[in-house]
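Peer 1: Mapping to my numbering: the sequence shown position 542 is 543, numbers consecutive. Backbone N, C-alpha and C define an ideal beta-carbon position, used for all residues, glycine too. Since we're looking at a predicted model, the values are computed, not measured.
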Amino acid sequence: MPESIVKIPPTIIVRDLAAKLSLPITTVTAELIKNGIMAALNEEIDFDTAVIIAEDLGKKVELQSAEEAAAPAQTVDQYLKEKAGTKLVARPPVVVVMGHVDHGKTSLLDAIRQTAVTAGEAGGITQRIGAYQITDRGRQVSFVDTPGHEAFAQMRARGAKIADVAILVVAADDGVKPQTLEALDIIHHAGIPYIVALTKTDKDEAQPERVKKELAEHKVLIEEFGGQTPVVLASAKTKAGLPELLESVLLLADVHPEAMMVNPNRPAVGTIIESHVDPQQGPLASVLIHAGTLHLGDDVLVGQVWGKVRSMKTDRGQPIAAATPSTPVQILGLKAAPQIGDILRVAPDEVRELKKKVRGHQIVHHLQTVVGRRPTVISKKGEKKETDKKPRVEKLHVILKTDTLGSAEAITESLKKFVHPEVGVEIVQRGLGIITETEVLRAEVAKAAIYGFNVPISPKADQLARSKGLTIRSFKVIYDLLDDVQAQLETMLQPVAEEKEIGRLKILAVFRHENTFQVVGGKVTTGHMRASAGVDVIRQGQTLTRSKITQLQQNKQNTETVTVGNEAGLKVEGDPIIQVGDELVAFVSEVRQRRLDERVAAV
Ligand code: GDP
2 MPESIVKIPP TIIVRDLAAK LSLPITTVTA ELIKNGIMAA LNEEIDFDTA
52 VIIAEDLGKK VELQSAEEAA APAQTVDQYL KEKAGTKLVA RPPVVVVMGH
102 VDHGKTSLLD AIRQTAVTAG EAGGITQRIG AYQITDRGRQ VSFVDTPGHE
152 AFAQMRARGA KIADVAILVV AADDGVKPQT LEALDIIHHA GIPYIVALTK
202 TDKDEAQPER VKKELAEHKV LIEEFGGQTP VVLASAKTKA GLPELLESVL
252 LLADVHPEAM MVNPNRPAVG TIIESHVDPQ QGPLASVLIH AGTLHLGDDV
302 LVGQVWGKVR SMKTDRGQPI AAATPSTPVQ ILGLKAAPQI GDILRVAPDE
352 VRELKKKVRG HQIVHHLQTV VGRRPTVISK KGEKKETDKK PRVEKLHVIL
402 KTDTLGSAEA ITESLKKFVH PEVGVEIVQR GLGIITETEV LRAEVAKAAI
452 YGFNVPISPK ADQLARSKGL TIRSFKVIYD LLDDVQAQLE TMLQPVAEEK
502 EIGRLKILAV FRHENTFQVV GGKVTTGHMR ASAGVDVIRQ GQTLTRSKIT
552 QLQQNKQNTE TVTVGNEAGL KVEGDPIIQV GDELVAFVSE VRQRRLDERV
602 AAV
């Protein structure tokens with residue numbers, strides 16, 4: 002049965018979500034907790050979170066349009082009427098093949114494909130894109146090669162019901178093995194009807210009867226013993242049993258024809274079944290379309306990865322312009338390689354928004370790298386001399402993931418308080434729950450920092466972040482998080498070069514007078530003199546010139562410092578105007594990091 006779709010607003014309180022999904026509140030909160038979200042009954046969660054939770058619970062939710070949100074809740078009748086208006090068509094069944102390693106899964110898939118592709122047919126078998134479609138007796142069937150049981154389980158966890166029928170491959174010469182049981186477990190959980198294909202029956206060691214008994218011992222209710230699960234004896238080598246296998250597949254698919262009724266005219270939705278980066282072409286992803294039709298040029302969103310479908314190829318390597326439901330296609334045009342099991346959807350509006358945001362950030366960052374940073378100079382009197390005339394507000398981009406919407410609000414409000422003429426915070430994405438690879442990929446694109454508050458980090462996200470040299474900043478106390486943001490902002494402030502007075506000296510003698518320098522003697526009255534320090538020459542309270550100590554002596558010996566109360570000999574470079582009675586004020590320049598709360602260099 003096609004599941005009914007529950008429409009929900011952009012944010013919803015947990016209790017309302019449970020009601021809309023017709024589920025006990027405890028079920029919903031338990032699922033939230035599993036996802037690292039500690040939301041109370043009356044707490045709001047956002048739409049993206051609701052989608053994940055609903056999908057995990059086997060439900061489908063869609064965002065209410067503005068009109069729907071304004072209108073009173075839709076009744077079931079209205080919904081059904083609306084459904085009747087849309088023209089649904091039967092899509093081809095999708096078959097997934099699973100089984101223990103080396104039991105002949107790949108060989109079986111290849112054999113089925115070869116049998117279907119008649120000699121001389123254009124294209125032939127040219128590609129492996131994780132799935133293919135064949136035509137058998139005028140009916141199309143799609144086969145998906147699971148990238149592994151774990152990946153399949155993950156797809157399901159993400160709400161993707163990719164297959165209508167499963168083929169459990171068991172080698173007749175080997176029998177039930179751990180991954181056979183694992184596959185059975187997944188199939189049972191997914192609630193997909195399945196067929197057992199006993200492969201390698203051409204081998205002398207094959208003992209199909211023994212394997213059947215083994216299966217029965219593991220609660221596989223096979224037809225022969227009065228159950229419902231068909232068992233087909235097959236061989237990838239001799240191709241024996243393949244027609245029977247296909248027939249069984251179609252029979253099983255026909256048990257629930259209504260499950261395959263979809264709207265081919267809606268914006269396409271599909272699951273990523275294969276994904277890699279081709280060194281020449283860039284990210285290549287295979288998508289199995291569930292509903293709708295994917296067209297060349299469509300703007301698509303896969304998690305936080307977006308793209309435009311630039312080219313689309315079938316499993317035969319043939320370019321096509323439109324992919325209908327159940328068709329596996331390889332697409333080019335995503336900005337990054339998505340994760341297997343991710344949902345792809347055509348979403349032009351969201352893509353436009355995302356592009357706008359990210360483009361803005363990239364330009365800012367580009368400018369920053371071009372301009373670089375030059376320190377602002379502040380003289381010891383506190384007046385500033387800017388070396389960079391045009392101030393620019395540099396933004397710290399933040400991806401924020403929190404346990405509840407309440408904490409998201411609190412943190413967002415606090416972050417707004419970091420107001421500074423030169424730096425600021427911009428939240429580029431906010432979400433609830435566990436930090437996943439999606440955030441890491443987004444952070445990379447948006448050059449953002451990932452902040453987590455009371456949420457776990459998935460091991461994969463952690464690994465991905467490490468491999469990309471990104472740090473996921475995770476906190477349990479809001480103030481700690483805010484302190485960290487402040488520290489980050491401070492590192493973005495232009496450092497200042499500050500002059501600090503280190504001592505004064507009274508001139509007692511002028512020993513030498515040249516055009517560019519003088520050699521003078523005097524007594525240190527405060528602090529100390531330092532070789533290479535800058536000096537201001539002061540007469541009757543007026544600063545006459547600025548010079549530099551290039552040599553310093555005490556008792557005719559070169560030295561680095563001469564402290565208060567001692568006499569010193571100095572070579573001073575600069576305008577030779579020093580007279581007996583003048584005062585030298587020595588200073589040093591220090592470049593230091595500024596704090597956010599000091600506005601000394603603010604423009
Ligand atoms: P997978 O790991 O389940 O994909 O298994 P493969 O398809 O790679 O097969 C594992 C091995 O079994 C390979 O050496 C195949 O040639 C062999 N094999 C697979 N199916 C058959 C079959 O029907 N008959 C025979 N004789 N060998 C097979």
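Hey, would you say Asp146 sits closer than 9 Å to Ala132, going by beta carbons?
Peer 2: Numbered from its first residue, the sequence shown carries residue 146 at position 145. Numbered from its first residue, the sequence shown carries residue 132 at position 131. In this structure, Ala132 lies closer than 9 Å to Asp146 by Cβ.
Peer 1: Output the boundary residues of the alpha helix (DSSP H) element that contains Gln552.
Peer 2: Walking along the sequence shown from the start, residue 552 turns up at place 551. No alpha helix (DSSP H) holds Gln552; the beta strand (DSSP E) holding it covers Gln543 to Gln555.
Peer 1: Is Thr181 near ligand 3 - that is, is its Cβ less than 8 Å away from at least one heavy atom of it?
Peer 2: Within the structure as shown, ligand 3 is missing, the only ligands being ligand 1.
Peer 1: Please state if the CB of Ala117 and the CB of Leu433 are separated by a distance shorter than 9 Å.
Peer 2: The residue given as residue 433 occupies position 432 in the sequence shown. The residue given as residue 117 occupies position 116 in the sequence shown. No; because the gap between Cβ atoms is not below 9 Å, this pair is not in contact.
Peer 1: Alpha helix (DSSP H) containing Gly105: first to last residue?
Peer 2: Stepping through the sequence shown from its first residue, residue 105 is reached at position 104. Unbroken run through Gly105: none, as it is neither H nor E.
Peer 1: Arg531: which of Val573, Gln519 and Ala112 sits nearest, CA to CA?
Peer 2: Here the question's residue 531 lines up with position 530 in the sequence shown. Checking every option, the nearest Cα to that of Arg531 belongs to Val573.
Peer 1: Quick check: the Cα distance between Gly523 and Leu483, rounded to an integer number of angstroms?
Peer 2: Walking along the sequence shown from the start, residue 523 turns up at place 522. Walking along the sequence shown from the start, residue 483 turns up at place 482. Between Gly523 and Leu483, the C-alpha separation is close to 52 Å.
Peer 1: Just how far apart, CA to CA, sit Asp78 and Lys8?
Peer 2: Residue 78 sits at position 77 when you count from the first residue of the sequence shown. Residue 8 sits at position 7 when you count from the first residue of the sequence shown. Since pLDDT at Asp78 reaches only 34, below the 50 mark, its modelled position is unreliable, and no value is offered.
Peer 1: With respect to 8 Å, is the separation between the Cβ of Ala167 and the closest non-hydrogen atom of ligand 1 below this value?
Peer 2: As a working mapping, residue 167 is identified with position 166 in the sequence shown. No - ligand 1 has no heavy atom lying nearer than 8 Å to the Cβ of Ala167.
Peer 1: Determine the contact status of Asp583 and Val525, defining contact as a CB-CB distance below 9 Å.
Peer 2: Residue 583 sits at position 582 when you count from the first residue of the sequence shown. Residue 525 sits at position 524 when you count from the first residue of the sequence shown. No, the pair does not count as a contact, with Cβ atoms beyond the cut-off.
Peer 1: Going straight from the alpha carbon of Ile408 to that of Ala292, what length do you get?
Peer 2: Within the sequence shown, residue 408 is the residue found at index 407, counting from 1. Within the sequence shown, residue 292 is the residue found at index 291, counting from 1. Note on residue identity: the sequence assigns Ser, not Ile, to residue 408. Roughly 37 Å between the two C-alpha positions.
Peer 1: To the nearest angstrom, how far is the alpha carbon of Leu333 from that of Ala19?
Peer 2: The count along the sequence shown starts at 1 and reaches residue 333 at position 332. The count along the sequence shown starts at 1 and reaches residue 19 at position 18. Using only the alpha carbons, I get a separation of about 39 Å.
Peer 1: Less than 9 Å between the beta carbons of Ile273 and Ala324, yes or no?
Peer 2: Position 272 of the sequence shown holds residue 273. Position 323 of the sequence shown holds residue 324. Going by C-beta atoms, Ile273 is not nearer than 9 Å to Ala324.
Peer 1: Have a look at Ala498 and Val581 and give me their C-alpha separation to the nearest angstrom.
Peer 2: Indexing the sequence shown from 1 puts residue 498 at position 497. Indexing the sequence shown from 1 puts residue 581 at position 580. Near 32 Å, if we compare the C-alpha coordinates of Val581 and Ala498.
Peer 1: Suppose the cutoff is 8 Å on Cβ atoms and the five residues either side in sequence are ignored; what does the same chain contact list for Ile223 look like?
Peer 2: As a working note, residue 223 is residue 222 in the sequence shown. So the qualifying residues of the chain are Val197, Lys213, Leu216, Ala217, Thr230, Pro231 and Val232.
Peer 1: Are there three or more Cβ pairs, one per stretch, closer than 8 Å when the stretch 260-272 is compared with the stretch 340-348?
Peer 2: The answer is yes - the stretch 340-348 touches the stretch 260-272, with three or more Cβ pairs under 8 Å.
Peer 1: Locate the alpha helix (DSSP H) running through Lys35, then write down its first and last residues.
Peer 2: Translated into the one-based positions of the sequence shown, residue 35 becomes position 34. First-last of the alpha helix (DSSP H) with Lys35: Ile26 to Lys35.
Peer 1: In whole angstroms, what is the alpha-carbon distance linking Gly373 and Met493?
Peer 2: Sequence index remark: in the sequence shown, residue 373 carries index 372 (1-based). Sequence index remark: in the sequence shown, residue 493 carries index 492 (1-based). Note that Gly373 scores 32 on pLDDT, short of 50, meaning its location in the model is unreliable; the coordinates nonetheless yield the value given after this. Roughly 11 Å between the two C-alpha positions.
Peer 1: Tell me whether Tyr480 is buried or exposed, calling it buried when 16 or more other Cβ atoms sit within 10 Å of its Cβ.
Peer 2: As a first step, residue 480 is located in the sequence shown; it is residue number 479 there, counting from the start. Exposed is the call here.
Peer 1: Determine whether the beta carbon atoms of Ile458 and Arg431 lie at a separation below 9 Å.
Peer 2: Here residue 458 is taken as the residue at index 457 of the sequence shown, counted from 1. Here residue 431 is taken as the residue at index 430 of the sequence shown, counted from 1. The answer is no: Cβ separation not under 9 Å.
Peer 1: In this structure, how does DSSP classify Arg211 when only helix, strand and coil are distinguished?
Peer 2: The count along the sequence shown starts at 1 and reaches residue 211 at position 210. Arg211: helix per DSSP, three-state reduction.
Peer 1: Once you ignore the five residues that flank Val102 on each side, which residues in its own chain have a CB closer than 7 Å to its CB?
Peer 2: Taking the first residue of the sequence shown as 1, we reach residue 102 at position 101. Once the five neighbours on either side are set aside, the close Cβ partners of Val102 are Gln180.
Peer 1: Compute the beta-carbon to beta-carbon distance between Met99 and Leu169, rounded to the nearest angstrom, for a pair I have assumed lies under 8 Å.
Peer 2: Numbered from 1 along the sequence shown, position 98 holds the residue referred to as residue 99. Numbered from 1 along the sequence shown, position 168 holds the residue referred to as residue 169. That pair is a contact at about 6 Å.
Peer 1: Which residue wins for smallest C-alpha separation from Gln115, given the options Glu225, Lys238 and Ala51?
Peer 2: Here residue 115 is taken as the residue at index 114 of the sequence shown, counted from 1. Here the closest residue by C-alpha is Lys238.
Peer 1: Could you tell me the distance, in whole angstroms, from the CA atom of Glu568 to the CA atom of Lys396?
Peer 2: For the purposes of this step, residue 568 is identified with residue 567 of the sequence shown, where counting begins at 1. For the purposes of this step, residue 396 is identified with residue 395 of the sequence shown, where counting begins at 1. Going by the C-alpha atoms only, they are around 52 Å apart.
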